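**Q** The structure follows.
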Amino acid sequence: MTISFMKALLALGLATALVAPSNATTPVAATDAVFGAAQAMIPPTGMNDAEKPMPMEERTQRRFPQPVRVGDLIGLPVLDDNDSTIGFVRQVVRTSEGKIKLIVSYSRWFGWFGQPVAVPIEAVIILGRQLASVDMAPSEYAAAPTWQEKDALILQNGETILVGLGRR
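Right, here's the structure in full:
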C-alpha cells in the first residue's frame with residue numbers, strides 16, 4: 087500500500103465519522119447476548135441462620151412491605167416451599183400486643199377442613215393473588231395451637247396493612 091492510498095482511506099474514514107449521526111450505534115449480532123444480573127438484598131430464609139440470625143421483623147422490612155387491603159387478603163391461599171396450599175386466610179387480627187396476625191385454616195389436605203392457626207404477618211410474603219409462608223414451616227403450622235379469639239381485634243375489610251413482597 088502506498089502512503090497516498092492510506093491517507094485517502096484515513097480521510098474517507100474521518101469524513102464518514104463526521105457525516106454519520108451522533109446517535110448511530112453498531113448493531114448487535116444475534117449471537118451476542120447481553121446479560122444483566124441482580125443481587126438479592128437478603129439471603130433466602132434459613133440460609134446461614136446459625137451464623138447470622140436475623141429477627142423476622144428485620145427480614146420483613148427488607149422485603150419492601152406494601153400496603154394491602156385486609157379484604158383482599160381474605161380467602162387467599164397460603165403456599166409452602168413446594169407451592170402446595172397449606173391453608174386459606176380466614177381473618178386478619180391485631181393482638182393486644184399490637185401484632186398483626188393472619189388466621190389461616192391449616193390442613194394437611196390442601197388447606198381443606200383446617201383448624202384456625204394464627205400466623206404472624208412477618209412470616210408471609212405476597213405473590214400476586216396468593217401468599218407464601220417463608221418464615222414458618224408446615225411443621226410449625228401443625229404444631230401451632232388452634233386460634234382462640236381472646237383480646238384480639240378483627241380488622242375490617244377496608245383497613246390497610248403492610249405485607250412483604252415476594253418473587254419466585
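Under my numbering, read the sequence shown as residues 87 to 254, first letter to last.
Every residue gets a Cβ at the ideal spot worked out from N, C-alpha and C, and that includes glycine.
Every value quoted in this text rests on a predicted model; they were computed, and no experiment measured them.
Could you tell me how far apart the beta carbons of I186 and I247 are, in whole angstroms, since I believe they sit closer than 8 Å?
**A** Counting from 1 along the sequence shown, the entry for residue 186 is found at position 100. Counting from 1 along the sequence shown, the entry for residue 247 is found at position 161. Going by Cβ atoms, the distance from I186 to I247 rounds to 5 Å, so yes, they are a contact pair.
**Q** Here's the rule: buried if 16 or more other CB atoms are within 10 angstroms of the residue's CB, otherwise exposed. What is I240?
**A** Position 154 of the sequence shown holds residue 240. Exposed: under 16 other Cβ atoms inside 10 Å.
**Q** What did DSSP end up calling F199 once you bin it into helix, strand or coil?
**A** As a working note, residue 199 is residue 113 in the sequence shown. The answer is coil: DSSP assigns F199 none of H, G, I, E or B.
**Q** Taking buried to mean at least 16 other C-beta atoms within 10 Å of its own C-beta, is L251 buried or exposed?
**A** By one-based count along the sequence shown, residue 251 stands at place 165. Per the 10 Å Cβ criterion, exposed.
**Q** Compare the C-beta of G244 against all C-beta atoms of chain B and say whether one is closer than 7 Å.
**A** Any reference to chain B falls outside this structure, which holds one protein chain only.
**Q** Would you mind stating whether P206 and W233 have Cβ atoms separated by less than 7 Å?
**A** On the sequence shown, position 120 is the one that residue 206 refers to. On the sequence shown, position 147 is the one that residue 233 refers to. Result no, Cβ atoms of P206 and W233 do not sit closer than 7 Å.
**Q** Can you name, in chain order, every residue of its own chain whose Cβ lies under 6 Å from the Cβ of S182, other than the five neighbours on each side?
**A** Here residue 182 refers to the residue found at position 96 of the sequence shown. A distance below 6 Å between beta-carbons, with the five flanking residues on each side excluded, links S182 to the following residues of its chain, in chain order: D237.
**Q** What's the call for A38, buried or exposed, on a 16-neighbour Cβ count within 10 Å?
**A** The shown model of the chain, from 87 to 254, leaves out residue 38, and the question about it has no answer.
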